[in-house]
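All residue numbers for the sequence shown refer to the working numbering, where the first residue is 10 and numbers rise by one.
All C-beta atoms in this analysis are idealised placements derived from N, C-alpha and C, irrespective of residue type, glycine included.
Written out below as structure tokens is the structure these notes cover.
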Amino acid sequence: MEVLDDIEAACVLFALYEEHESSYPEEFMKYYRMSITSFDELISLVGPKLSKQHTGLRVPISPEERLTVTLR
Numbered sequence: 010m011e012v013l014d015d016i017e018a019a020c021v022l023f024a025l026y027e028e029h030e031s032s033y034p035e036e037f038m039k040y041y042r043m044s045i046t047s048f049d050e051l052i053s054l055v056g057p058k059l060s061k062q063h064t065g066l067r068v069p070i071s072p073e074e075r076l077t078v079t080l081r
């Protein structure tokens, strides 16, 4: 499925973003169509709205991951 492939690709790129934020700016730009700085600025603006509460049953998806999937 194409949607699942996109989500898997988003997860992989997000993992790269977390680990080596400044090491792969070209790949980041190609995938997100924005710079890492722009992504960070956008997450600072919308991150609080994307945050979910931790419950005893699950750990929520981070705002950065939510934004990644939304942008893709």
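* Which residues mark the beginning and the end of the alpha helix (DSSP H) in which lysine 58 is found? -> Indexing the sequence shown from 1 puts residue 58 at position 49. Segment 45-59, the alpha helix (DSSP H) holding lysine 58.
* Distance between glycine 56 and histidine 63 (C-alpha atoms, nearest Å) -> Sequence index remark: in the sequence shown, residue 63 carries index 54 (1-based). Sequence index remark: in the sequence shown, residue 56 carries index 47 (1-based). Histidine 63 and glycine 56: Cα-Cα distance of roughly 15 Å.
* With distances taken Cα to Cα, identify the nearest neighbour of arginine 75 among Lys39, Lys61, Ser47. => One-based indexing of the sequence shown puts residue 75 at position 66. Ranking Lys39, Lys61, Ser47 by Cα distance to arginine 75 puts Lys61 first.
* Spatial distance of methionine 43 from glutamate 36 (CA atoms) -> One-based indexing of the sequence shown puts residue 43 at position 34. One-based indexing of the sequence shown puts residue 36 at position 27. Going by the C-alpha atoms only, they are around 10 Å apart.
* Could you tell me the boundaries of the alpha helix (DSSP H) in which tyrosine 40 lies? => Position 31 of the sequence shown, counting from 1, holds the residue named residue 40. First-last of the alpha helix (DSSP H) with tyrosine 40: 34-41.
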